[in-house]
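K.L.:
As given, the protein sequences belong to chains A and B, one line each in that order.
Per the numbering used here, the first sequence starts with residue 652, numbered consecutively.
Per the numbering used here, the second sequence starts with residue 30, numbered consecutively.
All C-beta atoms, glycine included, are put in the ideal place defined by N, C-alpha and C.
Please see the structure below; I have some questions.
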Amino acid sequence: MVAGPAARPAARLVLAAGIPTLVAAVIFATSVGAVSIPQTTVAASIFRHVTFQGEGGAGAADTIVWQVRLPRVLLAGMVGGTLALSGATYQSVFRNPLADPYLIGVASGAGLGAAIAIVSPLPLNYYGFGYVALFAFVGALAAVALTYELARSGRTVPTANHVLAGVAVSAAATAATTLVMMLNEAKAFVVFSWLYGDFTTSSWEKLQLASPYVGASWVVLLLCTHRLNALQLGDDEAATLGVRVERLKIVTVVVASLGTAVCVALSGLIGFVGLIVPHACRLLVGPDNRVLFPVTLLFGATFLILADLGARMVLAPQELPVGIITAAAGSPFFLILLRRQRRGLP
Amino acid sequence: MNTQLSFEGVEVRLGGRAVVSGVTFELGDGEVMALCGPNGAGKSTIARAAAGLLPAAAGAIRLRGSALRSVSPGERARTCAYVAQQPAAPPGFAVRELVALGRLPHLGLFGAESPKDRAAVERAMERAGVFSLGSRPIGELSGGEQQRVSIARALAQEPRLLILDEPTSNLDLRFQASILGLVRRLSRDEGLAALVVIHDLSLAALFCDRLLLLADGGIAGYGPPAEVLTAPLLVRTYGTPLRVLSHPECLSPVVVHSLTGHPHIANQGGEA
Numbered sequence: 652m653v654a655g656p657a658a659r660p661a662a663r664l665v666l667a668a669g670i671p672t673l674v675a676a677v678i679f680a681t682s683v684g685a686v687s688i689p690q691t692t693v694a695a696s697i698f699r700h701v702t703f704q705g706e707g708g709a710g711a712a713d714t715i716v717w718q719v720r721l722p723r724v725l726l727a728g729m730v731g732g733t734l735a736l737s738g739a740t741y742q743s744v745f746r747n748p749l750a751d752p753y754l755i756g757v758a759s760g761a762g763l764g765a766a767i768a769i770v771s772p773l774p775l776n777y778y779g780f781g782y783v784a785l786f787a788f789v790g791a792l793a794a795v796a797l798t799y800e801l802a803r804s805g806r807t808v809p810t811a812n813h814v815l816a817g818v819a820v821s822a823a824a825t826a827a828t829t830l831v832m833m834l835n836e837a838k839a840f841v842v843f844s845w846l847y848g849d850f851t852t853s854s855w856e857k858l859q860l861a862s863p864y865v866g867a868s869w870v871v872l873l874l875c876t877h878r879l880n881a882l883q884l885g886d887d888e889a890a891t892l893g894v895r896v897e898r899l900k901i902v903t904v905v906v907a908s909l910g911t912a913v914c915v916a917l918s919g920l921i922g923f924v925g926l927i928v929p930h931a932c933r934l935l936v937g938p939d940n941r942v943l944f945p946v947t948l949l950f951g952a953t954f955l956i957l958a959d960l961g962a963r964m965v966l967a968p969q970e971l972p973v974g975i976i977t978a979a980a981g982s983p984f985f986l987i988l989l990r991r992q993r994r995g996l997p
Numbered sequence: 030m031n032t033q034l035s036f037e038g039v040e041v042r043l044g045g046r047a048v049v050s051g052v053t054f055e056l057g058d059g060e061v062m063a064l065c066g067p068n069g070a071g072k073s074t075i076a077r078a079a080a081g082l083l084p085a086a087a088g089a090i091r092l093r094g095s096a097l098r099s100v101s102p103g104e105r106a107r108t109c110a111y112v113a114q115q116p117a118a119p120p121g122f123a124v125r126e127l128v129a130l131g132r133l134p135h136l137g138l139f140g141a142e143s144p145k146d147r148a149a150v151e152r153a154m155e156r157a158g159v160f161s162l163g164s165r166p167i168g169e170l171s172g173g174e175q176q177r178v179s180i181a182r183a184l185a186q187e188p189r190l191l192i193l194d195e196p197t198s199n200l201d202l203r204f205q206a207s208i209l210g211l212v213r214r215l216s217r218d219e220g221l222a223a224l225v226v227i228h229d230l231s232l233a234a235l236f237c238d239r240l241l242l243l244a245d246g247g248i249a250g251y252g253p254p255a256e257v258l259t260a261p262l263l264v265r266t267y268g269t270p271l272r273v274l275s276h277p278e279c280l281s282p283v284v285v286h287s288l289t290g291h292p293h294i295a296n297q298g299g300e301a
């Protein structure tokens, strides 16, 4: 199952294929729904809008595409890309192939922070998005630090310890989140429906609010890829290659946690994206983060767009939380990785 | 000849305790220095301090004449390469990909490799004798091959100074000879300075120009191997009976256990 380095398709080819694949996924996901809209109409409508050729030329279809479906599809893409990129970052920094925002407790910590913000008297409208994201960010950082400290033995952090500590921190954060909900029954349903991953309230405003943070996290992480490569040699050898190891770790973990926290604030807890996507991409393009990170970003976006489409369509007209779709795909994947890890395979 | 590395009365502390102190030596272009001594004498500590991984608590470490602590990490990485005792074999990396990591200090903001970088990687692989392994996963290689790959990664940095921490300790006799032969050749042909931590005194005596013998964090002896490796000094340093013979082909010192004092290590009970 391990694709040897010689069997890898040209990494740049995969990277190049990622962009049209993502565009196709966006158009396809936008065309499917209660009202089916031909893909050509979708493409034409998007083209008109992005080239500023006026609004509303095509009436109802245009409204559905531009006001209803496209924001949701793009938000799912943004969250998917960010979670996948954060997962790839944690995997690199902790040298732990099982690190995922969900598995190492970051997402649950962010969830707890966000739940506290939601039930608090702080205003919960679009202007309140800042509070939810801020609390989620603080929760994410606290969880990542706590997990790391719990798992540490001396100067090393064994992979299995790290995941176990993540499970413990996640459980504690989830329990605390439940408590927060119980104590605030009035808002419990808001927290609950959001917690399991929800893109139903997507809008251009949400995208606008989130994109500076998310965009900044992408740029910083993509600029650190070659240094993160060196980290795979171990801290000492990375330091002798000119990497300021502690600074690199702190910057990338904080930035990845910021991205995760914004995603959690936007759409709740969506697990396993950060695990499945980087791993699948690594099998395709190899371990070089300079290629792996952009590929992961593109395919993470594509993956969550399709997962959200599944969430909309499987029980239509009823909607499933998208977190259930990703968990259904991700947990068998995780178990396979765990077994391989035990046998010392990549 | 330029001095690449110098220690002047260096003390290194770990957890508040002075692990080595009063260490003074110089290492110039084309020189190979062996760092020897009993377990816990501070060999790896000196290697790590020389690589900039540990600060000097007292004294001065200089890299090409400048205080090591004032040299930027990038500049240091373009001058000095270090291979740890247990070189990493990160899963999923092919040999060529691992060697290419050595180009990091030469890459620009976006980390893209130029044709010059790719040529340097190929040259490093050729010199370390791992060119034919290029696309093999690093995890599949033997210990000796992995060690060579790590040295190739260090050579891809195009350093003037190479620091190797126990490069031969896990290798069989053939790989020991091939790794040390490689270091010797690089110093002779390219003027590379090398600092090599090594346990085996006889092997050290064969390939190094100078030998630094450590005992309890201080210098017990420093100079050409034939001058340092004398029986009385070694017996004192290692606290076990030893004898020094001459290599039958080149008169280089060969250190063996003496049976006088502890005959029980011999299979004949020392009576022969």
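(1) Residues of chain B with CB under 7 Å from A:LEU988, in chain order?
(2) Less than 8 Å between the C-beta atoms of B:VAL39 and B:GLY88, yes or no?
(3) Assuming A:LEU949 and A:THR903 are in contact, meaning their beta carbons sit under 8 Å apart, how far apart are those beta carbons, in whole angstroms?
(4) Roughly how many angstroms lie between the CA atoms of A:LEU725 and A:LEU858, to the nearest whole one?
(5) By how many angstroms is the C-alpha of A:PHE703 removed from the C-alpha of A:THR691?
(6) Classify A:PRO929: buried if its beta carbon has 16 or more other beta carbons within 10 angstroms, exposed otherwise.
(7) Quick one: give me the first and last residue of the alpha helix (DSSP H) that B:LEU209 is part of.
(8) Which parts of the region 43-83 of chain B are runs of the alpha helix (DSSP H), unbroken and 4 residues or longer, counting only runs that do not cross its ends?
(9) Is A:SER759 near A:LEU920, with beta carbons less than 8 Å apart?
(10) Output the distance between the C-alpha atoms of A:LEU797 and A:VAL896, rounded to the nearest integer angstrom.
(11) How many angstroms separate the CA atom of A:ALA711 from the CA atom of A:GLY684?
(12) B:SER275 lies in the alpha helix (DSSP H); which residues open and close that run?
(13) Do B:THR197 and B:GLN205 have their CB atoms nearer than 8 Å?
(14) What are the uninterrupted segments assigned as alpha helix (DSSP H) that are 4 or more residues long and contained completely in the region 115-202 of chain B, given in chain order?
(15) If I measure Cβ to Cβ from B:HIS286 and keep anything under 8 Å in the same chain, skipping five residues before and after, which residues do I get?
(16) Using the DSSP secondary-structure output, state which residues sit across from B:VAL41 in a beta bridge.
(17) Spatial neighbours of B:ALA113 within its chain, please: CB distance less than 6 Å, with the 5 preceding and 5 following residues excluded, ordered by chain position.
(18) Measuring straight from C-alpha to C-alpha, what distance separates B:ARG189 and B:ALA157?
(19) Using a threshold of 8 Å, state whether the C-beta atoms of B:ALA183 and B:GLY131 are closer than that.
(20) Against chain A, with Cβ distances strictly below 8 Å, would B:GLU302 count as a contact?
(21) By Cβ distance, which residues of its chain are closer than 6 Å to A:ALA787, with the 5 residues on each side in sequence left out?
(22) When the distance is taken between beta carbons, is B:LEU274 closer than 8 Å to B:CYS65?
(23) May I have the straight-line CA-CA distance separating A:TRP855 from A:ALA861, to the nearest angstrom?
(24) Are the region 660-670 of chain A and the region 933-940 of chain A touching by the rule of at least three beta carbon pairs closer than 8 Å?
(25) With a threshold of 8 Å between beta carbons, is A:GLN690 in contact with chain B?
(26) Can you tell me whether A:VAL653 is buried or exposed? The criterion is at least 16 other CB atoms within 10 Å of its CB, across all chains shown.
(27) Buried or exposed: where does A:LYS900 fall if 16 or more other Cβ atoms within 10 Å of its Cβ makes it buried?
(28) Could you work out which residue in A:ALA791, A:ALA793 and A:ALA816 is closest to A:ARG998 when comparing CA atoms only?
(29) For B:GLN33, which three-state DSSP category applies?
(30) Could you check whether the Cβ of A:ASP939 sits closer than 8 Å to any Cβ belonging to chain B?
(31) Skipping 5 residues on each side, what residues in its chain have a beta carbon closer than 8 Å to that of A:ALA694?
(32) Please list, in chain order, the chain B residues whose beta carbon lies closer than 8 Å to that of A:ALA881.
P.N.:
The relevant details are as follows:
(1) Counting from one through the first sequence, the residue named residue 988 of chain A turns up at place 337. Under the 7 Å cutoff, chain B gives no residues; its nearest Cβ is about 12 Å from A:LEU988.
(2) Taking the first residue of the second sequence as 1, we reach residue 39 of chain B at position 10. Taking the first residue of the second sequence as 1, we reach residue 88 of chain B at position 59. For B:VAL39 and B:GLY88, yes; Cβs fall inside 8 Å.
(3) Position 298 of the first sequence, counted from the first residue, corresponds to residue 949 of chain A. Position 252 of the first sequence, counted from the first residue, corresponds to residue 903 of chain A. Wrong, their Cβ atoms sit about 20 Å apart, outside the cutoff.
(4) Reading the first sequence from its first residue, position 74 is the one you call residue 725 of chain A. Reading the first sequence from its first residue, position 207 is the one you call residue 858 of chain A. Between A:LEU725 and A:LEU858, the C-alpha separation is close to 8 Å.
(5) Counting from 1 along the first sequence, the entry for residue 691 of chain A is found at position 40. Counting from 1 along the first sequence, the entry for residue 703 of chain A is found at position 52. Between A:THR691 and A:PHE703, the C-alpha separation is close to 18 Å.
(6) Taking the first sequence and counting its residues from 1, the one referred to as residue 929 of chain A is at position 278. A:PRO929 comes out buried.
(7) Looking up residue 209 of chain B in the second sequence gives position 180. Run containing B:LEU209: 202-219, per the alpha helix (DSSP H) assignment.
(8) Fully enclosed alpha helix (DSSP H) runs of 4 or longer: 72-79.
(9) Residue 759 of chain A sits at position 108 when you count from the first residue of the first sequence. Residue 920 of chain A sits at position 269 when you count from the first residue of the first sequence. Yes, the pair counts as a contact, with Cβ atoms nearer than the cut-off.
(10) Numbered from its first residue, the first sequence carries residue 797 of chain A at position 146. Numbered from its first residue, the first sequence carries residue 896 of chain A at position 245. Spanning the two alpha carbons is a distance of roughly 20 Å.
(11) Along the first sequence, read from residue 1 onward, the residue named residue 711 of chain A stands at position 60. Along the first sequence, read from residue 1 onward, the residue named residue 684 of chain A stands at position 33. Looking at the two C-alpha atoms, the distance is approximately 14 Å.
(12) Taking the first residue of the second sequence as position 1, residue 275 of chain B is located at position 246. No alpha helix (DSSP H) holds B:SER275; the beta strand (DSSP E) holding it covers 271-275.
(13) The residue given as residue 197 of chain B occupies position 168 in the second sequence. The residue given as residue 205 of chain B occupies position 176 in the second sequence. Yes. Within cutoff.
(14) 124-129, 144-156 and 172-185
(15) Along the second sequence, read from residue 1 onward, the residue named residue 286 of chain B stands at position 257. If we look at B:HIS286 and ignore the five residues flanking it on each side, its Cβ neighbours are THR269, PRO270, LEU271, ARG272 and ILE294.
(16) On the second sequence, residue 41 of chain B is found 12 positions in, with the first residue counted as 1. Residue pairing from DSSP places B:VAL41 in a beta bridge opposite B:VAL49.
(17) Translated into the one-based positions of the second sequence, residue 113 of chain B becomes position 84. Excluding sequence neighbours, B:ALA113 sits near ASP194.
(18) Sequence index remark: in the second sequence, residue 189 of chain B carries index 160 (1-based). Sequence index remark: in the second sequence, residue 157 of chain B carries index 128 (1-based). Rounded to whole angstroms, the gap between the alpha carbons of B:ARG189 and B:ALA157 is 16 Å.
(19) Indexing the second sequence from 1 puts residue 183 of chain B at position 154. Indexing the second sequence from 1 puts residue 131 of chain B at position 102. In contact: B:ALA183 and B:GLY131 (Cβ atoms closer than 8 Å).
(20) Examination of residue 302 of chain B is not possible in this model, given that chain B is present from 30 through 301 alone.
(21) Taking the first residue of the first sequence as 1, we reach residue 787 of chain A at position 136. So the list reads ALA761, GLY764, ALA765, ALA912, VAL915 and ALA916, once near-sequence residues are dropped.
(22) Residue numbering aside, residue 65 of chain B sits at position 36 when the second sequence is read from its first letter. Residue numbering aside, residue 274 of chain B sits at position 245 when the second sequence is read from its first letter. No, the Cβ-Cβ distance between B:CYS65 and B:LEU274 is not below 8 Å.
(23) Locating residue 855 of chain A in the first sequence gives position 204, where the first residue counts as 1. Locating residue 861 of chain A in the first sequence gives position 210, where the first residue counts as 1. In this model, A:TRP855 and A:ALA861 are separated by some 10 Å (Cα to Cα).
(24) Verdict: yes, contact present.
(25) Locating residue 690 of chain A in the first sequence gives position 39, counting from the first residue. With 8 Å as the cut-off, A:GLN690 does not count as an interface residue toward chain B.
(26) Against the first sequence, residue 653 of chain A aligns to sequence position 2. Any answer about A:VAL653 is weak, because its pLDDT of 36 lies below 50 and its placement is not dependable; what the coordinates show is given next. Result: exposed.
(27) In the first sequence, the residue the question calls residue 900 of chain A occupies position 249. Buried, because 16 or more other Cβ atoms sit within 10 Å of the Cβ of A:LYS900.
(28) An answer regarding residue 998 of chain A cannot be provided, because it is not within the stretch 652 to 997 covered by chain A.
(29) The residue given as residue 33 of chain B occupies position 4 in the second sequence. In the structure shown, B:GLN33 sits in a strand (DSSP, three-state: E or B).
(30) Here residue 939 of chain A corresponds to residue number 288 of the first sequence, with the count starting at 1. Interface residue, yes.
(31) Here residue 694 of chain A refers to the residue found at position 43 when the first sequence is read from its first residue. So the list reads ILE678, once near-sequence residues are dropped.
(32) Position 230 of the first sequence, counting from 1, holds the residue named residue 881 of chain A. Correct list: LEU130 and LEU133.
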